[in-house]
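Residues in the sequence shown are numbered consecutively from 35, following my numbering. Glycine is no exception: its CB is placed at the ideal position from the N, C-alpha and C atoms. The structure under discussion appears below in the form of C-alpha cells.
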Amino acid sequence: MKPLYTMKLTMNFLAMSTLCSLIMFSSCGDEDDPVVSNDTETTEDTTTEDTTTEDTTTDDALDFATLFYGAERVTIVGNFVEINTLDLPDHTSPFYPESDPLYAAYAGDNADFSTVITAGGQTFDPEIAEQNYTLKIPINPAVKSGSKSSTSGGAIGVALNGVIIYNQYNGANELLDDLEFNNTDEYNGHPTPNTGGYHYHKEPLWLTSSDKSALVGYLLDGFPIYGPEDESGNTLATADLDEYHGHTSATAEYPDGIYHYHCTDDAPWINGGEYYGTPGTVTQ
Ligand SMILES: [Zn+2]
Ligand SMILES: [Zn+2]
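Have a look at this one:
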C-alpha cells in the first residue's frame, strides 16, 4: 500500500490517474465512492488535466487519513493537512491507568525503569490522559531559506499512531539524560507529570517493530520521519545525517526523493533542534 500514498504525495501527475482509482478503490471504497470502479476501468483513456487535478485534491485527504491511522480527524485545508489527535498510544503502557485495557506492566529491559518521575525536587506518578491537539503541517514541505526555526518544548511533530513527538530537551532546555529515560516505557514514550500528555522523544518503537526503515510520522514542517535504517538497510547514527538530523533520498513513500529525518539511537534521536523546513502550527 505504501507506494500508492507516495505517488500522490509527490504530485506525480502522470502516475496520478492510475493510482487515484486504485487508492480510492482499495483504501476508501467502503466509505463513499461507488464511482471509483468506473475510474479503474477507464483510467488510461480518460487522463486529462481536469480530472487529475480534482483527484489529487480528493486523494490527498484520503491518503493522510489512512497514513495517520491513530488520528481522530484528518482534514486537508488549502496546502496544509490538519491532524486532530487525542494523543493516546495504541500500544500497551505501564503509564495507562490500571483500569484501561491498554494498561500493562513494564515489559522492557531497563532494570531501572519506574513510572515515578522526579522533577524539580518533586515526585510524580503520572498516568496517560487524553489530550486534544490539532497540528497543521504543510502538505508540500519546502526548505526554509535563511535562518532556521528552532524547535520548542511541547509538540514538534506527530507519529502515525497519533502520539505527539517532543524534541530532545527537558523542561529546563537541557538534553534529556539516561536518568530521565528511566521513565520511558518499552515503546520510548511517557506522559508529562502535569498533563499526562503522552509523547516520544526517541524512535517510536511500536511503529518500527516490524520494519526499522518505516515511515513513523512527520515533524511540523511537513518533512517525514523514518526509523533508524536507511533505504538500503544500513542503521544510521547522528553522524551520518546533517545538523537537522536528516538527508535527501528516495523513500518507499516518496520515490522521487524527499528530505526526511531519521531516528537514531544516539542523541538528538529525531531532530537536531531546528526544523529543516518552515514549521506549521500546533494548538491544544
Ligand atoms: Zn518527555
Ligand atoms: Zn533516509
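- For residue 168, the enclosing beta strand (DSSP E) has its first and last residue at 167-172.
- In the structure shown, residue 214 falls within a helical segment according to DSSP collapsed to helix, strand and coil.
- Secondary structure note for residue 119: its beta strand (DSSP E) is the uninterrupted segment 114-119.
- Measuring C-alpha to C-alpha distances from residue 157 to each of 140, 123, 214 identifies 214 as the nearest.
- Of the candidates 245, 98, 258, 236, the residue whose Cα lies closest to the Cα of residue 204 is 236.
- Rounded to whole angstroms, the gap between the alpha carbons of residue 307 and residue 134 is 35 Å.
- Set against 7 Å, the gap from the CB of residue 235 to the closest heavy atom of ligand 2 is not smaller.
- Bounds of any beta strand (DSSP E) do not take in residue 284, whose DSSP letter is neither H nor E.
- At a cut-off of 7 Å, the beta-carbon of residue 279 does not count as near ligand 2: no heavy atom of the ligand is closer than that.
- Per the C-alpha coordinates, the member of 207, 184, 166, 217 positioned closest to residue 197 is 166.
- Beta-carbon to beta-carbon, residue 130 and residue 161 are separated by about 7 Å, close enough to satisfy the 8 Å threshold.
- The alpha-carbon separation between residue 229 and residue 318 amounts to approximately 12 Å.
- For residue 98, the uninterrupted alpha helix (DSSP H) segment begins and ends at 83-101.
- Between residue 199 and residue 189, the C-beta spacing is below 8 Å.
- Boundaries of the beta strand (DSSP E) around residue 193: 191-193.
- By the Cβ test, the stretch 235-251 is not in contact with the stretch 179-186, since fewer than three Cβ pairs between them sit closer than 8 Å.
- Closer than 7 Å to some heavy atom of ligand 2: that does not describe the Cβ of residue 119.
- Here residue 105 is not bridged, per DSSP, to any residue.
- As DSSP reads the structure, residue 153 sits in a beta bridge with 156.
- Around residue 262, the same chain offers 237, 246, 269, 270, 296, 297, 298, 299 as residues with beta carbons nearer than 7 Å, after the five sequence neighbours per side are excluded.
- Assignment of residue 272 by DSSP, reduced to helix, strand and coil, places it in the helix class.
- Leaving aside the five residues that flank residue 126 on each side, the residues in its chain whose CB is nearer than 6 Å to its CB run, in chain order, 136, 138.
- Between the C-alpha atoms of residue 101 and residue 194 there is a straight-line separation of about 6 Å.
- Residue 313 sits close to residue 255, with the two beta carbons spaced by under 8 Å.
- Bridge partners of residue 127 according to DSSP: 137.
- Remark: C-beta atoms of residue 128 and residue 149 approach each other more closely than 8 Å.
- Residue pairing of residue 241 in beta bridges, as defined by DSSP: absent, with no partner found.
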